[in-house]
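S.K.: Can you read through this structure? Questions will come right after.
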Amino acid sequence: MAGQTFDVVVVGTGPGGYVSAIRCAQLGLSVAAVEDDRPGGVCLNWGCIPTKALLRNAEVVHLFHRAEEFGIKVSGFEADYAEAVRRSRRVADRMAKGVEFLFRKNKITLVPGRGVLKSATTVEVTGSSGTTTLEGRAVILATGSEPRSLPGVTIDEKRVLSSNGAVRNEARPASLIVIGAGAVGVEFADVYSAYGTAVTVLEALPRIVPIEDEEVAAQLTRIFNRRKIETKTGVKVQSVTASDKGVTVATDAGTFEAEQVLMAVGRAAKVKDVGLDRLGVQMDRSFVKVSPMMETSVKGVYAIGDMAGAPLLAHKAMAEGVVAAEAIAGKSPRPVDYGNVPSCTYCRPQVASIGLSEAKAKENGRAIAVGKFPFTASGKAVALGDTDGFVKVVADKTTGEILGVHILGPEATEIIHEFAVGRTLEATLEEIIHTIHAHPTLSEAALEATLAALGQAIHL
Amino acid sequence: MAITKVVMPKLSEAMETGKIIKWLKKEGDRVNGGDILAEVETDKADVEMEAFGGGVLRKILVPEGDRAPVGAMIAVIAEPGEDIATVVAGASGAQAQGAPGGNGKAAMAGQAGGASPRETDVARPRGGGIERSEARERAGEAREPVSSNDRIKASPLAKKVAAQSGVDLRLVHGSGPGGRIVRKDVEAAHTTTGAGVPQGRVPAPSIGAATGPEFEDRPLSQMRAIIAKRMPLSKAPVPHFYVSSEVAMDRAWELREELNGLEGQPKISVNDFVVRACAIALLHHPGVNASFQGESIRVYHRAHIGIAVALDDGLITPVLRDCHAKSLGQIAIESRDLAERARARKLRAPEMSGATFSISNLGMFDVTEFSAIINPPEGAILAVGTVRKVPVVDESGLGVGRRMMLTISCDHRVMDGAMGARFLQDVKRLLEEPLRLLV
């Protein structure tokens, strides 16, 4: 397969890479996709999808504990964590096969191996069967990111785990310290805690889920603490020492000990050994600098997804993949609207948000109106028995522009999208309240919070 | 290619219907953007209507001699193969509704036709004074104002921001899908192009025109807000007050005779002197060159002067733009041309609106003095009497002098007596020391 020529060569088949490859194919371009792991990238194999499977298990376990509340007597049930991990692997396998199927369907050539950019149109792929060279009229780089650690802390995936290790770790520890309370940290805290691990979450910033609205973080902290998940915020980790027996984490707020530590302090773009230096591709700090059409400083070379900058989210990568593909095909796609990317965390209760937090909106000097509606007042949430949380709408007082929405609660990550669509269409509070929301649904809370912003909430 | 719906353009503020005098293109003729499609008679003038968007004139919907309400579809331009049946059907349905009463309902034609993204619901008056923007050309979208009754594709937020900032959405170029106007388009229009000014006020490009913003909106002071609220109650809708002054026209008269004695120079009238003096004075008294806008006072930085021209059956006030940047000779030539074309009803639409100040001169009727009614939204109008010989007393005793009465009518919501008086004082000084008008 040496010296094959394609219209587009995509390096990396995570959510950004595979979506861009498929979109290119849809637009009639011939595509080669290079992957040194399994198609689907971190998202499908080690991140989004398998963790959602684990969280579903955690939820089922949680419901078993609550069975009596529903009048169901369960005696002596056993929650096998290893089986939860195995189920999660099966889910990931199935999704990865799905990507392989989509590649076949779209006649995309999957080239296994590690792709390195040799020129603006050449990618050298080194795989188990040797080295081959692919020529592309355009190249899309989508190499993604990998878990970061703290300085001086080595991830051995035995005592000190990354999310990559944790997601396939069948041996659940009796105790766990999670360093970092972002989405990854609180999701694993939720899973392990549900299965009986004593979990302590350490966060350097003043609150957990630090990018979310303050009120959301405060209430999630209360809910976690009620479930005996310990949260320590504003804590600086000084050292992490692994021994045969466990791990000791020294901080400015005392020493913590546990069987294992999960490092969840963020992810770093994979930009080394991709061939960027050789071509003089410009960087923006640790990310590749790109145009709104996702093109790098080198003409014909595009970069998308985690390597192209924050937020490091699969759905943002997919959106960028579409833009890059359409730009290459000579269309003029609308650039990604980075101000309108939903942020979702799948712990229980879920956290979802879009746009500005209340504090940020105030900082921007706008006169704002805030509407909040608790799920305790939602008929559907009460029927489900999931009444923790609320919907909070932050709007511009004079125009009714929806500046930000913050949801903590059941299916928050599904409810958020009506606001995403609304913001794309530049709907104001009025358009939301003139939209009939089915009863009874959790989405009614979105309507009520919007009404509350106008001082018109009915069920409050 | 796009289907272009040609609609009856709104050629003046008051225009409700227009009559097709003559179609200059026949069905089946190829037309290019800028070609003159038809002559349209409005309440004030006969106007040539340009095509916007090229193609073949596929269908004429309003025959010669018939009237159509503003915004109603009057023709369709499209490529030969294109299916225009739906568009035409939409128009005839709407026309049937609106035509009998001519009450403007047919202006909904654009909506009934189902405005698809590539359709452009516009026709524009010739010499419309609106530059084609590169962005629009690229996007193939219209920026010309669509009739006020046509549906404007804009986001709810864009509409609110436009309403709050006074931006006319008809003048905003939409950057969203299918030319949909979104918030940032309105904001851009508000800060850069002054799209808040209705169509007619967009100044025609003219040599020597001053650069810088067309106007600024000054917030109302507390007192001004109260005056603004109360004055209309005393004399609705515009509370007038009047200030008069007598001007010694001896030197201006001599200068005029001297100038008119020069060969190859345009003949200059007394009124041209007055126009020139007002233009200079208006720039020094921006408070007079201003318009009441409800929440603010719009102060113009250009002097666009309306010059009242009597017609047999009424009055029309063509606008001489950027008078402050024009010499006496230029003013003489252009105002004569405007007056002649006004009488012949051959004015173009932009020449009939957008004045920041007006002058009404009844000197030719030997009127000594009179007061004029303000032409809203202008803030003032100057009434000019005849130049008459009167006995005057100076150091040397009794003599004969030429005197002219000026009376300015002012909108009290915009200005007070002293402001009007100071302006008039300046006009008087300029006319009494007329060499100032030449420099």
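Chains as they are written, first to last, in this note's numbering: chain A, 60 to 519; chain B, -8 to 430. Quick reminder that beta carbons are idealized off the backbone N, C-alpha and C, glycines included. Every value quoted in this text rests on a predicted model; they were computed, and no experiment measured them.
Is the Cβ of Glu485 (chain A) closer than 7 Å to any Cβ of chain C?
M.R.: The question asks about chain C, but that chain is absent: this structure's protein chains are A and B.
S.K.: Considering only C-alpha positions, which residue in the set A:Leu484, A:Asp396 and A:Gly241 is nearest to Ala323 (chain A)?
M.R.: If you number the first sequence from 1, residue 323 (chain A) lands on position 264. If we check each option's Cα against that of Ala323 (chain A), A:Gly241 comes out closest.
S.K.: Rounded to a whole number of angstroms, what is the C-alpha to C-alpha distance between Gly165 (chain B) and Ala418 (chain A)?
M.R.: In the second sequence, counting from the first residue as 1, residue 165 (chain B) sits at position 174. In the first sequence, counting from the first residue as 1, residue 418 (chain A) sits at position 359. Going by the C-alpha atoms only, they are around 32 Å apart.
S.K.: Go ahead and label Glu248 (chain B) buried or exposed: buried means 16 or more other beta carbons lie within 10 angstroms of its beta carbon, across all protein chains shown.
M.R.: The count along the second sequence starts at 1 and reaches residue 248 (chain B) at position 257. Its Cβ having fewer than 16 others within 10 Å, Glu248 (chain B) is exposed.
S.K.: Grab me the residues of Val152 (chain B)'s own chain with a C-beta within less than 6 Å of its C-beta, minus the 5 sequence neighbours each way, in chain order.
M.R.: If you number the second sequence from 1, residue 152 (chain B) lands on position 161. The residues are Arg174 and Val177.
S.K.: At 3 residues or longer, what runs of the beta strand (DSSP E) sit wholly inside the region 309 to 346 of chain A?
M.R.: Complete beta strand (DSSP E) runs here, min 3: 313 to 317, 319 to 322 and 326 to 328.
S.K.: What residues from chain B crowd round Gly459 (chain A), counting only those whose CB sits closer than 7 Å?
M.R.: Locating residue 459 (chain A) in the first sequence gives position 400, counting from the first residue. Correct list: Lys151.
S.K.: Quick one: what's Ser287 (chain B) bridged to in DSSP?
M.R.: Here residue 287 (chain B) refers to the residue found at position 296 of the second sequence. In the DSSP output, where bridge partners are listed per residue, Ser287 (chain B) has B:Pro210.
S.K.: Does any residue of chain A have a CB that is nearer than 7 Å to the CB of Val173 (chain B)?
M.R.: Counted from its first residue, the second sequence places residue 173 (chain B) at position 182. It does; some Cβ of chain A falls within 7 Å.
S.K.: Skipping 5 residues on each side, what residues in its chain have a beta carbon closer than 6 Å to that of Gly62 (chain A)?
M.R.: Mapped onto the first sequence, residue 62 (chain A) falls at position 3. Around Gly62 (chain A): Thr192.
S.K.: Cα separation between Asp272 (chain A) and Leu443 (chain A)?
M.R.: Your numbering for residue 272 (chain A) matches position 213 in the first sequence. Your numbering for residue 443 (chain A) matches position 384 in the first sequence. Near 25 Å, if we compare the C-alpha coordinates of Leu443 (chain A) and Asp272 (chain A).
S.K.: Pull up the distance between the alpha-carbon of Ser252 (chain A) and that of Glu137 (chain A), whole angstroms please.
M.R.: Sequence index remark: in the first sequence, residue 252 (chain A) carries index 193 (1-based). Sequence index remark: in the first sequence, residue 137 (chain A) carries index 78 (1-based). Going by the C-alpha atoms only, they are around 15 Å apart.
S.K.: Throw me the rounded Cβ distance for the Arg482 (chain A) and Gly424 (chain A) pair, which I believe falls under 8 Å.
M.R.: The sequence position of residue 482 (chain A) within the first sequence is 423, counting from 1. The sequence position of residue 424 (chain A) within the first sequence is 365, counting from 1. About 20 Å separates the two Cβ atoms, so there is no contact after all.
S.K.: Determine the DSSP secondary structure at Ile108 (chain A), reduced to helix, strand or coil.
M.R.: Looking up residue 108 (chain A) in the first sequence gives position 49. Helix at Ile108 (chain A).
S.K.: Say whether chain A places a C-beta atom closer than 7 Å to the C-beta of Pro204 (chain B).
M.R.: For the purposes of this step, residue 204 (chain B) is taken as the residue at position 213 of the second sequence. Chain A contact via Cβ: absent.
S.K.: Could you tell me which residues DSSP pairs with Gly414 (chain A) in its beta bridges?
M.R.: Here residue 414 (chain A) refers to the residue found at position 355 of the first sequence. BP columns for Gly414 (chain A) point to A:Gly463.
S.K.: With Tyr397 (chain A) and Ile199 (chain A) assumed to form a contact (beta carbons below 8 Å), what rounded beta-carbon distance in angstroms separates them?
M.R.: The residue given as residue 397 (chain A) occupies position 338 in the first sequence. The residue given as residue 199 (chain A) occupies position 140 in the first sequence. Their Cβ separation, rounded to whole angstroms, is 19 Å, which puts Tyr397 (chain A) and Ile199 (chain A) out of contact at 8 Å.
S.K.: First and last residue of the alpha helix (DSSP H) that includes Tyr254 (chain A)?
M.R.: The residue labelled residue 254 (chain A) in the question sits at position 195 within the first sequence. Element bounds for Tyr254 (chain A): n/a, residue is neither H nor E.
S.K.: Establish whether the CB of Pro147 (chain B) and some CB of chain A are separated by less than 7 Å.
M.R.: The residue labelled residue 147 (chain B) in the question sits at position 156 within the second sequence. Pro147 (chain B) counts as touching chain A.
S.K.: Do you know how far the Cα of Gly364 (chain A) is from the Cα of Asn116 (chain A)?
M.R.: Taking the first residue of the first sequence as position 1, residue 116 (chain A) is located at position 57. Taking the first residue of the first sequence as position 1, residue 364 (chain A) is located at position 305. Distance between the alpha carbons of Asn116 (chain A) and Gly364 (chain A): 29 Å.
S.K.: Assuming Arg407 (chain A) contacts His121 (chain A) (C-beta within less than 8 Å), just tell me the rounded distance between them.
M.R.: In the first sequence, counting from the first residue as 1, residue 407 (chain A) sits at position 348. In the first sequence, counting from the first residue as 1, residue 121 (chain A) sits at position 62. The pair is a contact, with the Cβ atoms about 7 Å apart (cut-off 8 Å).
S.K.: Could you list which residues in chain B have their beta carbon closer than 8 Å to that of Glu489 (chain A), in chain order?
M.R.: Along the first sequence, one-based indexing puts residue 489 (chain A) at 430. What Glu489 (chain A) touches in chain B: Pro147.
S.K.: Beta carbon of Met154 (chain A), beta carbon of Ile108 (chain A): below 7 Å?
M.R.: Along the first sequence, read from residue 1 onward, the residue named residue 154 (chain A) stands at position 95. Along the first sequence, read from residue 1 onward, the residue named residue 108 (chain A) stands at position 49. Yes, the pair counts as a contact, with Cβ atoms nearer than the cut-off.
S.K.: Need the endpoints of the beta strand (DSSP E) that Cys314 (chain B) sits in, please.
M.R.: As a working mapping, residue 314 (chain B) is identified with position 323 in the second sequence. Taken as a continuous stretch (DSSP letters only), Cys314 (chain B) belongs to no beta strand (DSSP E), as it is neither H nor E.
S.K.: Pull the bridge partners of Ala281 (chain B) from the DSSP assignment, please.
M.R.: Residue numbering aside, residue 281 (chain B) sits at position 290 when the second sequence is read from its first letter. BP columns for Ala281 (chain B) point to B:Val290.
S.K.: Measuring straight from C-alpha to C-alpha, what distance separates Val78 (chain A) and Glu379 (chain A)?
M.R.: By one-based count along the first sequence, residue 78 (chain A) stands at place 19. By one-based count along the first sequence, residue 379 (chain A) stands at place 320. Cα to Cα, Val78 (chain A) sits roughly 9 Å from Glu379 (chain A).
S.K.: Given that a residue counts as buried once 16 or more other Cβ atoms are within 10 Å of its Cβ, and exposed if not, what is Asp43 (chain A)?
M.R.: In this structure chain A extends from 60 to 519, so residue 43 (chain A) is not present and cannot be described.
S.K.: Counting pairs of Cβ atoms below 8 Å between the region 10 to 18 of chain B and the region 463 to 477 of chain A, do you hit three or more?
M.R.: Too few Cβ pairs lie closer than 8 Å, so no.
S.K.: Helix, strand or coil: which one does DSSP assign to Gly9 (chain B)?
M.R.: The count along the second sequence starts at 1 and reaches residue 9 (chain B) at position 18. In the structure shown, Gly9 (chain B) sits in a strand (DSSP, three-state: E or B).
S.K.: Ends of the alpha helix (DSSP H) at Ser302 (chain A)?
M.R.: By one-based count along the first sequence, residue 302 (chain A) stands at place 243. Neither: Ser302 (chain A) is in no alpha helix (DSSP H) and is coded neither H nor E.
S.K.: Suppose the cutoff is 8 Å on Cβ atoms and the five residues either side in sequence are ignored; what does the same chain contact list for Glu238 (chain B) look like?
M.R.: Taking the first residue of the second sequence as 1, we reach residue 238 (chain B) at position 247. Reading off the sequence shown, one finds Val at residue 238 (chain B), where the question assumed Glu. Hits under 8 Å: Arg394, Met395, Met396, Leu397, Val418, Lys419, Leu422 and Glu423.
S.K.: Among residues of its own chain, excluding the 5 on either side of Gly293 (chain A), which ones have a beta-carbon nearer than 6 Å to its beta-carbon?
M.R.: Within the first sequence, residue 293 (chain A) is the residue found at index 234, counting from 1. Cβ neighbours of Gly293 (chain A) beyond the five flanking positions: Pro265.
S.K.: Where does Leu28 (chain B) sit, in a helix, a strand or coil, going by DSSP?
M.R.: Along the second sequence, one-based indexing puts residue 28 (chain B) at 37. Three-state result, Leu28 (chain B): strand.
S.K.: With DSSP as the reference, label Ala195 (chain B) as helix, strand or coil.
M.R.: Indexing the second sequence from 1 puts residue 195 (chain B) at position 204. Confidence at Ala195 (chain B) is low in this model, with a pLDDT of 41, below 50, so its placement is unreliable and the value that follows should be read with caution. Coil at Ala195 (chain B), not helix or strand.
S.K.: Pull the bridge partners of Ile307 (chain B) from the DSSP assignment, please.
M.R.: For the purposes of this step, residue 307 (chain B) is taken as the residue at position 316 of the second sequence. Paired residues: B:Val300.
S.K.: Less than 7 Å between the beta carbons of Ile270 (chain A) and Thr280 (chain A), yes or no?
M.R.: Within the first sequence, the letter at position 211 stands for residue 270 (chain A). Within the first sequence, the letter at position 221 stands for residue 280 (chain A). No. Outside cutoff.
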